[in-house]
Amino acid sequence: QKLSVDVLDHLEHLALVDFRDSEGVERLQKAIQFAEQLQEVNTDGVEPMDSVLEDRWCLYLREDDVTEGNCTKELLENAREKVEEYFVAPPGNIPLPKLEERETFLQSS
Amino acid sequence: IAPWIPVVGLEIHAQISSNSKLFSGSQVQFAAPPNSLVSFFDASLPGTLPVLNRRCVEAAVMTGLALNCSINKKSLFDRKHYFYADLPAGYQITQQRVPIAVNGSLSYSLCIDNKMSQMVTKTVRIKQIQLEQDSGKSLHDDTRCQTLVDLNRAGVGLMEVVMEPDMCCGEEAAAAVRELQLILQALGSSQAVMAEGQLRVDANVSVHHPGEPYGVRTEVKNINSIRFLAKAVDYEIQRQIEELENGGTILNETRAFDSKLGCTVPMRDKEGKQDYRFMPEPNLPPLILYDTKSLPANMNHQQVINIDWIHERLPDLPSVKREKLVEQYGILPEHSFTLLNEDGLAEFFESVVKQTQMKPKKVIGWILNDLLSYLKQHSLTVKESPVSSFLLADLLNLLEKKEISSTAAKQVLVELWKGEGKTPLEIVKEQKLELLHDQKELEQICQAVIDGQENEVIMMVLG
Numbered sequence: 001q002k003l004s005v006d007v008l009d010h011l012e013h014l015a016l017v018d019f020r021d022s023e024g025v026e027r028l029q030k031a032i033q034f035a036e037q038l039q040e041v042n043t044d045g046v047e048p049m050d051s052v053l054e055d056r057w058c059l060y061l062r063e064d065d066v067t068e069g070n071c072t073k074e075l076l077e078n079a080r081e082k083v084e085e086y087f088v089a090p091p092g093n094i095p096l097p098k099l100e101e102r103e104t105f106l107q108s109s
Numbered sequence: 001i002a003p004w005i006p007v008v009g010l011e012i013h014a015q016i017s018s019n020s021k022l023f024s025g026s027q028v029q030f031a032a033p034p035n036s037l038v039s040f041f042d043a044s045l046p047g048t049l050p051v052l053n054r055r056c057v058e059a060a061v062m063t064g065l066a067l068n069c070s071i072n073k074k075s076l077f078d079r080k081h082y083f084y085a086d087l088p089a090g091y092q093i094t095q096q097r098v099p100i101a102v103n104g105s106l107s108y109s110l111c112i113d114n115k116m117s118q119m120v121t122k123t124v125r126i127k128q129i130q131l132e133q134d135s136g137k138s139l140h141d142d143t144r145c146q147t148l149v150d151l152n153r154a155g156v157g158l159m160e161v162v163m164e165p166d167m168c169c170g171e172e173a174a175a176a177v178r179e180l181q182l183i184l185q186a187l188g189s190s191q192a193v194m195a196e197g198q199l200r201v202d203a204n205v206s207v208h209h210p211g212e213p214y215g216v217r218t219e220v221k222n223i224n225s226i227r228f229l230a231k232a233v234d235y236e237i238q239r240q241i242e243e244l245e246n247g248g249t250i251l252n253e254t255r256a257f258d259s260k261l262g263c264t265v266p267m268r269d270k271e272g273k274q275d276y277r278f279m280p281e282p283n284l285p286p287l288i289l290y291d292t293k294s295l296p297a298n299m300n301h302q303q304v305i306n307i308d309w310i311h312e313r314l315p316d317l318p319s320v321k322r323e324k325l326v327e328q329y330g331i332l333p334e335h336s337f338t339l340l341n342e343d344g345l346a347e348f349f350e351s352v353v354k355q356t357q358m359k360p361k362k363v364i365g366w367i368l369n370d371l372l373s374y375l376k377q378h379s380l381t382v383k384e385s386p387v388s389s390f391l392l393a394d395l396l397n398l399l400e401k402k403e404i405s406s407t408a409a410k411q412v413l414v415e416l417w418k419g420e421g422k423t424p425l426e427i428v429k430e431q432k433l434e435l436l437h438d439q440k441e442l443e444q445i446c447q448a449v450i451d452g453q454e455n456e457v458i459m460m461v462l463g
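In the order they appear, the protein sequences are chains A and B. According to full-length UniProt numbering, the stretch in the first sequence is residues 1 to 109, in order. According to full-length UniProt numbering, the stretch in the second sequence is residues 1 to 463, in order.
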């Protein structure tokens, strides 16, 4: 099954990825085909497995102590822009323009 | 015109009262210097991993038990993906597939027709309670066209309580949330102060005709107090009814409540239906809880959470406290509601009762009518009351011993409010409010009054 332009456009919006060209889409197609092999296994009546340890306890519980934080300076070193000690971001989400309004090879396919 | 049935459901986010965050060791605190309570994990730096805070799990179990839920002995964590500047990872860790608690109920009371004397009990079903991360805070700077981001709140533990659409109006929604707030505060699992963002409520509202399927629902956000919750819900119900009666349709959209205008408006940033692409959180195995039966023999205590152990240690819930007050002191149920509704008032009442011979049934009148109305008039909390329980008990004792009349007592109370440090007895002496018990003295006074008003007396005798 070929992926429709709508689905590809939807994915580009959701994940903010750019498939860039037909090679990128082909790579996605192959990845899906690879994963779909899982459908060949009959899992009727089998509970999905979340962990190989199954129902045995294995999630570590931490004590409620304050052990981290107070590294404002270090964290802000990663910021391209800062104001006092705040990170700066655009005023809202800048959505990907609609398919018709952006330059993408998806339009021609 | 056929009647409309409004349907209201609620999604409530309660910040867990804990020292550190849900998945990291940074501190949980309101109002700290920006980005000072942020760990590398909270800032979503590569190579960091979530580590679950035991206290947060206990808080969720306590809350689930208090709300009569079934606690899922195995619950799972998932990622909910969306982009926003205050969500550095690009996803929130939540419990979408199997939450920690399901299928509970909450009972709350309402006054019929605004009369305190007629209370009715209602129940709302609790669909589920899930553990999830809070996001950071965005401060919108419109003048410079930018958003300032503070991640202090990012990663703080939340309990999302989902209430089924069993409510029908703003009053019911407000009463249900108020009761939940009191329960959370009694448990200590959340301080639930709405003004500090520790309790956030989103309302889902729709209307339909009897016998017909539920209508399209809208989500109402940005509700900052219980009072505004009632207003927002009632406004939205009216808006939908008017829209439909005028032949319009309701959009499945998210709206924000504008408290200044008292109305709901569509929210700009929410375009179309969100696809969160839920996936299991690969860095967290299932959360397993135990009870006394299933407790494993040789395991480190610190790594085990026993639901029964927590159940045994639950404090008295508000409904139980009210029953006890009614039983112990012979006050009316509606009195017990008012006592618990005001922080510290029940303790104040009990303290006065201990220090006075006056019967609790009489004391309650002084607490609810005089003390409380004064506090409300001056926007004071019980803790800030210039009249202590000691002073009030002292005054009530004078009244009980018939040394003063109840009118005089009220006068003394007015004087006590000034907080000048005088005792009730001192005020009585100052203002000469002592009751006269001497028969002769009373007769003399009455005679003097009659003698001074001869004409009026004649008029009265003639009828």
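All C-beta atoms, glycine included, are put in the ideal place defined by N, C-alpha and C. Note that the structure is a prediction, hence the values are computed from the model and not measured.
Item, Value
"Where D65 (chain A) meets chain B, residues with beta-carbon distance less than 7 Å", "N19, S20 and G25"
"contact_flag[the region 38-46 of chain B, the region 193-203 of chain B] where n(CB pairs < 8 Å) is 3 or more", "no"
"Whole-angstrom distance between C69 (chain B) and S294 (chain B), CA atom to CA atom", "19 Å"
"Buried or exposed by the 16-neighbour rule on C-beta atoms within 10 Å, applied to R217 (chain B)", "buried"
"Nearest-angstrom Cβ-Cβ length linking R62 (chain A) and N103 (chain B), presumed shorter than 8 Å", "29 Å between Cβ atoms; not a contact."
"Inter-stretch contact (C-beta, 8 Å, three-pair minimum) for the region 83-100 of chain B and the region 318-330 of chain B", "no"
"Range of the contiguous beta strand (DSSP E) that encloses M167 (chain B)", "G157 to M167"
"Residues of the region 22-51 of chain A with Cβ closer than 7 Å to any Cβ of chain B, in chain order", "D50 and S51"
"Assigned secondary structure, I288 (chain B) (DSSP; H/G/I helix, E/B strand, else coil)", "strand"
"Within chain A, the residues that T254 (chain B) reaches when beta carbons sit closer than 7 Å", "The premise fails here: T254 (chain B) is roughly 14 Å from chain A at the closest Cβ pair, so nothing lies under 7 Å."
"6 Å CB neighbourhood of T147 (chain B) in its chain, flanking five on each side removed", "A85, S138 and H140"
"Test: residue 126 (chain A) CB closer than 8 Å to a CB of chain B", "Only positions 1 to 109 of chain A appear in this structure, which leaves residue 126 (chain A) out of reach."
"Minimum Cβ-Cβ distance from Y84 (chain B) to chain A less than 8 Å", "yes"
"Residues of its chain near L435 (chain B), where Cβ-Cβ distance is below 7 Å and the 5 sequence neighbours each way are ignored", "K402, E403, I404 and S405"
"Closer than 8 Å to chain B by CB, E101 (chain A)", "no"
"DSSP three-state assignment for H208 (chain B), whether helix, strand or coil", "strand"
"Identity of the residue in B:D394, B:S190, B:E242 and B:V265 nearest G64 (chain B) by Cα", "B:S190"
"Element boundaries [beta strand (DSSP E), containing I183 (chain B)]", "I183 (chain B) -> not in any beta strand (DSSP E); alpha helix (DSSP H) instead, spanning G170 to L187."
"Straight-line gap, P3 (chain B) to K21 (chain B) (C-alpha atoms, nearest Å)", "48 Å"
"Alpha-carbon spacing of S24 (chain B) relative to Q15 (chain B), whole angstroms", "15 Å"
"DSSP bridge partner residues for F87 (chain A) (one or two, in chain order)", "A:K82 and B:V149"
"Outcome for T249 (chain B) when other beta-carbon atoms lying within 10 angstroms are tallied against a minimum of 16", "exposed"
"Span of the beta strand (DSSP E) around N103 (chain B)", "A101 to C111"
"Nearest neighbour of D291 (chain B), chosen from B:L284, B:E281 and B:E312 [CA to CA]", "B:E312"
"Against chain A: residues of the region 137-149 of chain B by CB proximity under 9 Å", "S138, L139, H140, D141, D142, R144, C145, Q146, T147, L148 and V149"
"Contact check, L99 (chain A) vs L106 (chain A), beta carbons under 8 Å", "yes"
"C-alpha gap between S51 (chain A) and E40 (chain A), whole angstroms", "21 Å"
"Within chain A, partners of N222 (chain B) - CB distance below 9 Å", "Simply none; closest approach about 15 Å."
"Residues of the region 69-84 of chain B whose Cβ lies closer than 8 Å to any Cβ of chain A, in chain order", "K74, L76, H81, F83 and Y84"
"At least 3 beta-carbon pairs within less than 8 Å: the region 313-324 of chain B vs the region 74-85 of chain B", "no"
"Chain B contact for V83 (chain A) (CB, 8 Å cutoff)", "yes"
"R227 (chain B) - DSSP class collapsed to helix/strand/coil", "helix"
"At least 3 beta-carbon pairs within less than 8 Å: the region 121-129 of chain B vs the region 70-86 of chain A", "no"
"C-beta neighbour in chain A for Q191 (chain B), strict 8 Å", "no"
"Interface partners of V88 (chain A) on chain B, CB under 7 Å", "Q146 and L148"
"Any C-beta of chain A under 8 Å from that of I288 (chain B)", "yes"
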